[in-house]
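Line by line, the protein sequences give chains A and B. Letter by letter, the first sequence follows residues 0 to 143 of numbering that gives the first Met the number 0. Letter by letter, the second sequence follows residues 0 to 75 of numbering that gives the first Met the number 0. In this text, a Cβ means the ideal position worked out from N, Cα and C, and glycines have one as well. Scroll down for the structure; my scribbles are underneath it.
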Amino acid sequence: MTVEIREHPFDPWQAVSEYRSTRLASGKSGASAVFVGTMRDFNEGDEVQAMVLEHYPGMTEQQLEDMRSEAVSKHGLEDALVVHRVGIVHPGDDIVLVAAFSAHRKEALAACREMMETLKSTAPFWKKETLAEGERWVERNTPG
Amino acid sequence: MTINVRFFASLRERIGHATLTVEADGIASARDVWKAVSGESPDEEMLVAINKEYAGLDRAVADGDEVAFFPPVTGG
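Below is the structure:
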């Protein structure tokens, strides 16, 4: 799997390491660009205790796969990996991993950045925060 | 015509259902589906997917389609 939705905590660094050793051809990728997004314990001035991440099963996976394959083809990547959490997450939990592997750094860095921005603006996920007093939906993502 | 309608996040809570089935004639577009289920005009930020692909509100719908309505996405 090169796109994965995970319902339980995951270690993105282990995922990258495993992917490199089991899925990538040795010696082809001179550059690995990795972005990891992690849950903060604050948002808009409030302490956030937990968060529920909801997605649209089927559509979310398809959006991520389309995004991944477009990045691979546009930038001539060797490969790319996308992992995203759903369910209940807590501050310090990793939420998203995007990794781009290419012969040279320019393509890997550009593709990693582009995939993250595309994911943020198009992949159907929604966050609901648990605060000290009540819950609230995150209304929009800030531009990168 | 039967349309399977899905709602996510704050729209699911507002409508009070995750899924609904709309059976009605005279529904031509996603906008008509929204009016049938909510009785309201769509708000400008609402997103629409037909059969799990993004679509505009005025995209035509067909019998058996899955039409989803949701707020701006906030993943990552």
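Proximal residues of chain A, C-beta to C-beta of F6 of chain B below 7 Å: Indexing the second sequence from 1 puts residue 6 of chain B at position 7. Those do not exist, as F6 of chain B stays about 10 Å from chain A at its closest Cβ, beyond 7 Å.
Contact under 9 Å by Cβ, T73 of chain B with R139 of chain A: Taking the first residue of the second sequence as 1, we reach residue 73 of chain B at position 74. Taking the first residue of the first sequence as 1, we reach residue 139 of chain A at position 140. The answer is yes: Cβ separation under 9 Å.
Stretch-stretch touch, CB-based, cutoff 8 Å, three pairs: the region 106–119 of chain A with the region 62–71 of chain A: yes
How far does the beta strand (DSSP E) with I49 of chain B in it extend, from its first residue to its last? Reading the second sequence from its first residue, position 50 is the one you call residue 49 of chain B. Start and end: L46 to I49.
With a threshold of 7 Å on Cβ separation, who are the neighbours of I14 of chain B within its own chain once the five nearest residues in sequence on each side are excluded? Indexing the second sequence from 1 puts residue 14 of chain B at position 15. Excluding sequence neighbours, I14 of chain B sits near F6, V36 and S37.
Taking 9 Å as the threshold (beta carbon to beta carbon), is T73 of chain B in contact with chain A? Translated into positions along the second sequence, residue 73 of chain B becomes position 74. Yes, its Cβ sits closer than 9 Å to a Cβ of chain A.
Output, in chain order, the set of chain A residues within a Cβ distance shorter than 7 Å of S37 of chain B. The sequence position of residue 37 of chain B within the second sequence is 38, counting from 1. Neighbours of S37 of chain B on chain A: none; closest Cβ ~18 Å, over 7 Å.
How many Å lie between T20 of chain B and E39 of chain B at the Cα? As a position in the second sequence, residue 20 of chain B is number 21, starting the count at 1. As a position in the second sequence, residue 39 of chain B is number 40, starting the count at 1. Roughly 17 Å separates the two Cα atoms.
What does P70 of chain B reach in chain A if we use C-beta pairs closer than 8 Å? Position 71 of the second sequence, counted from the first residue, corresponds to residue 70 of chain B. W125, W136 and E138, listed in chain order.
How would you label D93 of chain A, buried or exposed, when you count the other beta carbons within 10 angstroms and need 16 or more for buried? Counting from 1 along the first sequence, the entry for residue 93 of chain A is found at position 94. It is buried - the Cβ of D93 of chain A has at least 16 other Cβ atoms within 10 Å.
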